[in-house]
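The listed protein sequences correspond, in order, to chains A and B.
If you're matching positions, the first sequence starts at 754 in the working numbering and goes up one per residue.
If you're matching positions, the second sequence starts at 1135 in the working numbering and goes up one per residue.
Every residue gets a Cβ at the ideal spot worked out from N, C-alpha and C, and that includes glycine.
Keep in mind that this is a model prediction, so the values were computed, not measured.
Below is one structure, written out as structure tokens; comments come after it.
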Amino acid sequence: GAVVSQHPSWVICKSGTSVKIECRSLDFQATTMFWYRQFPKQSLMLMATSNEGSKATYEQGVEKDKFLINHASLTLSTLTVTSAHPEDSSFYICSARDSAGALSYNEQFFGPGTRLTVL
Amino acid sequence: GDSVTQMEGPVTLSEEAFLTINCTYTATGYPSLFWYVQYPGEGLQLLLKATKADDKGSNKGFEATYRKETTSFHLEKGSVQVSDSAVYFCALSPSGTYKYIFGTGTRLKVLA
């Protein structure tokens, strides 16, 4: 149980295009999902908290118009990087929290990540 | 604000050596503490956790004890294997939130 998937696992795009990354909780419901960014050999930086049916909460310094988050169902959140540029190249990781509480309290379950390369 | 400090790596050990990766934290109240492991090319996997002072988390031979008095959660393993080579992240979740704050990660390389 507690599997989180991400799609795609990697993507290469041209500068100026938009890229959508999906995060799904496969066997549990998640009213709350989190999006992180990880730079090479560095830690995970929380970008935003995604709440089902409401607007995402962005961390300080993260451009909400640049990184659009939609959490339309209890099992799916999407991150769209709009007008991507080379500096947006990174490893994006999502995580999900079991909203029903059947799984461990306060524990986040992580997806495998999506590597974005912007040319 | 809340933060996590991990020892800098990389850490290189011979197989069967003893491992310690230090982790200290700054937080108000009683955060939950976690160790996650990231194998090459993969996402993060929970290794162990502790939710209150003096709790000991353990899994796969790894263990860590929640020390409130020293605000520490050091990761230890008595005998490492080559397959333990990975990046290890210490994290905390502040009281009353579901957010995680991660340390910078420590890369471990175990040589045969």
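Option nearest residue i by Cα separation, candidates the options
i: residue 827(A); options: 765(A), 806(A) and 867(A); result: 806(A)
i: residue 1144(B); options: 1180(B), 1154(B) and 1205(B); result: 1154(B)
i: residue 1139(B); options: 1211(B), 1237(B), 1244(B) and 1200(B); result: 1237(B)
i: residue 838(A); options: 762(A), 763(A), 772(A) and 755(A); result: 772(A)
i: residue 870(A); options: 757(A), 758(A), 769(A) and 756(A); result: 769(A)
i: residue 852(A); options: 783(A), 824(A) and 792(A); result: 783(A)
i: residue 1164(B); options: 1142(B), 1176(B), 1188(B) and 1179(B); result: 1188(B)
i: residue 793(A); options: 1240(B), 1246(B) and 1244(B); result: 1240(B)
i: residue 809(A); options: 797(A), 832(A) and 798(A); result: 832(A)
i: residue 862(A); options: 1158(B), 1215(B), 1160(B) and 1169(B); result: 1169(B)
i: residue 836(A); options: 755(A), 778(A) and 872(A); result: 872(A)
i: residue 816(A); options: 758(A), 824(A), 868(A) and 801(A); result: 801(A)
i: residue 1137(B); options: 1234(B), 1221(B), 1181(B) and 1230(B); result: 1234(B)
i: residue 1232(B); options: 765(A), 804(A), 764(A) and 824(A); result: 804(A)
i: residue 1157(B); options: 1246(B), 1225(B) and 1244(B); result: 1225(B)
i: residue 1162(B); options: 1152(B), 1213(B), 1212(B) and 1205(B); result: 1205(B)
i: residue 1250(B); options: 841(A), 813(A) and 796(A); result: A query on residue 1250(B) cannot be resolved here, the shown segment of chain B reaching from 1135 to 1246 and no further.
i: residue 1246(B); options: 1184(B), 1209(B), 1216(B) and 1210(B); result: 1216(B)
Bridge-paired residues (DSSP) for residue i
i: residue 1156(B); result: None, per the DSSP bridge assignment.
i: residue 845(A); result: 790(A) and 867(A)
i: residue 798(A); result: 790(A)
i: residue 821(A); result: 833(A)
The beta strand (DSSP E) enclosing residue i, as first and last residue numbers
i: residue 778(A); result: 772 to 778
i: residue 1201(B); result: Careful: residue 1201(B) lies outside any beta strand (DSSP E) and carries neither H nor E.
i: residue 787(A); result: 785 to 791
i: residue 1141(B); result: Looking at the DSSP string, residue 1141(B) is not in any beta strand (DSSP E), and its letter there is neither H nor E.
i: residue 827(A); result: Element bounds for residue 827(A): n/a, residue is neither H nor E.
i: residue 1273(B); result: Residue 1273(B) cannot be examined here, being either before or after the span of chain B that is shown, 1135 to 1246.
i: residue 767(A); result: Note, residue 767(A): premise wrong, no beta strand (DSSP E); not H, not E.
i: residue 757(A); result: 757 to 760
i: residue 1220(B); result: 1220 to 1227
i: residue 1170(B); result: 1166 to 1172
i: residue 1183(B); result: 1178 to 1184
i: residue 1240(B); result: 1240 to 1245
i: residue 1209(B); result: 1209 to 1211
Contacts that residue i makes with chain A (C-beta to C-beta distance below 7 Å)
i: residue 1177(B); result: 846, 863, 864, 865 and 866
i: residue 1237(B); result: 796
i: residue 1182(B); result: Neighbours of residue 1182(B) on chain A: none; closest Cβ ~11 Å, over 7 Å.
Residues that residue i contacts on chain B, provided the C-beta gap is smaller than 9 Å
i: residue 779(A); result: In chain order: nothing, as chain B lies at least about 13 Å away.
8 Å Cβ cut-off: residues of chain B touching residue i
i: residue 850(A); result: 1232
i: residue 785(A); result: 1232
i: residue 805(A); result: Those within 8 Å of residue 805(A) in chain B number zero; the least Cβ separation is about 13 Å.
i: residue 775(A); result: In chain order: nothing, as chain B lies at least about 14 Å away.
Residues that residue i contacts on chain A, provided the C-beta gap is smaller than 8 Å
i: residue 1223(B); result: 796 and 797
Chain-ordered chain B contacts of residue i [CB-CB under 7 Å]
i: residue 816(A); result: What residue 816(A) touches in chain B: nothing, since even the nearest Cβ is about 19 Å away.
Taking one C-beta from the stretch 840 to 849 of chain A and one from the stretch 785 to 796 of chain A each time, how about it: are there three or more such pairs within less than 8 Å? Using a Cβ-Cβ distance cut-off of 8 Å, the stretch 840 to 849 of chain A and the stretch 785 to 796 of chain A are in contact, since at least three pairs of beta carbons, one from each stretch, lie closer than that value.
Pair every Cβ in the stretch 1183 to 1199 of chain B with every Cβ in the stretch 1135 to 1150 of chain B, then say whether three or more of these pairs are closer than 8 Å. They do not touch, by the three-pair rule.
Decide if the stretch 1198 to 1208 of chain B is in contact with the stretch 1172 to 1179 of chain B; the criterion is three or more beta carbon pairs, one per stretch, under 8 Å apart. No: the two stretches stay apart, fewer than three of their Cβ pairs being nearer than 8 Å.
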